[in-house]
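Below: the structure, in C-alpha cells.
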Amino acid sequence: MAILLSGCEKSVSTGADRALRFFENKKDGSWLRVEGTVIKSLSDDIEIPRHQRFIIKTEKGQTILIVHNIDIAKRIPIEPGKHLLVSGEYLWNPQGGRIHYTHRSTSRKKPGGYIKDLDTDKIYD
9 MAILLSGCEK
19 SVSTGADRAL
29 RFFENKKDGS
39 WLRVEGTVIK
49 SLSDDIEIPR
59 HQRFIIKTEK
69 GQTILIVHNI
79 DIAKRIPIEP
89 GKHLLVSGEY
99 LWNPQGGRIH
109 YTHRSTSRKK
119 PGGYIKDLDT
129 DKIYD
C-alpha cells in the first residue's frame with residue numbers, strides 16, 4: 009500500500025540560498041556552510057598570516073572568494089572543477105562576498121571552520 013501526501017513538501021534552504029541572501033542584504037560576519045565548484049585559483053596572499061585564495065561558484069551562480077589561512081591549516085590542492093564544502097565566516101563585498109576563518113578555531117570567541125574536498129572526502133582545517 010502506498011500513501012501519497014500532497015502539500016507536505018518542506019522548503020529546504022541550502023547554503024547557496026543563504027549565501028545569496030547574505031550577499032543581497034550586504035550581511036557581514038555570519039557563519040556559512042556552502043558547496044561550490046572551484047572556478048579560479050588566485051595567487052597567495054603572502055603577508056602574515058598567509059592565505060591561499062581561490063574563487064568558487066555556488067549552485068545559484070554566485071561567486072565567492074575563499075581566503076584560507078595556510079599558516080594554520082594545510083594548503084588545499086586546488087584546480088578548476090574541484091567540488092568543495094566550505095565552512096567559515098562570510099564577509100560581504102560587491103563581487104559576491106568572501107569566506108575566511110576556514111580553519112580550526114584559534115579563539116574562544118569564534119567557532120572553527122573547514123574546507124571539505126567533496127571529491128576525496130578530505131577535510132582541511
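As numbered in the numbering used here, residues 9 to 133 make up the sequence shown, in order.
Every residue, glycine too, gets a C-beta built ideally from N, C-alpha and C.
Computed from a predicted model, the values in this text were never measured in an experiment.
How far does the alpha helix (DSSP H) with residue i in it extend, from its first residue to its last?
i	result
G23	G23 to E32
Take residue i and list the residues in its own chain whose beta-carbon comes closer than 6 Å to its own, dropping the five residues that flank it on each side.
i	result
K48	I63
K124	L93 and I131
Counting along the chain, where does the beta strand (DSSP E) carrying residue i start and finish?
i	result
N101	First-last for N101: undefined, no H or E at that position.
G120	Here G120 belongs to no beta strand (DSSP E), and DSSP marks it neither H nor E.
H59	H59 to K65
S49	S38 to S49
Is the beta carbon of residue j closer than 9 Å to that of residue i?
i	j	result
T66	I74	no
G6	Q60	A question about residue 6 goes unanswered here, because the residues of the chain that appear run from 9 up to 133.
I107	V42	yes
R58	N77	yes
Below 8 Å on the Cβ atoms is my guess for residue i versus residue j; work out the distance and round it to an integer in Å.
i	j	result
K68	A24	4 Å
G96	T110	4 Å
Which residue or residues does DSSP assign as beta-bridge partners of residue i?
i	result
R112	Paired residue(s): none; R112 is not in a bridge.
L92	G44 and D125
D79	Its beta-bridge partners do not exist; DSSP assigns none.
I131	K124
I74	F62 and I107
D53	H59
Tell me which same chain residues have a C-beta within less than 7 Å of the C-beta of residue i, skipping the five on either side of it?
i	result
K18	Low confidence applies here, because K18 scores a pLDDT of 38, under 50, leaving its location unreliable and the question unanswered by this model.
D127	K90 and H91
Any beta-carbon of chain B closer than 9 Å to the one on residue i?
i	result
F31	No chain B is part of this structure, which consists of one protein chain only.
Leaving aside the five residues before and after residue i along the sequence, list all residues of the same chain whose C-beta is less than 8 Å from its C-beta, in chain order.
i	result
G6	Here the chain has residues from 9 to 133 only, and residue 6 is not among them.
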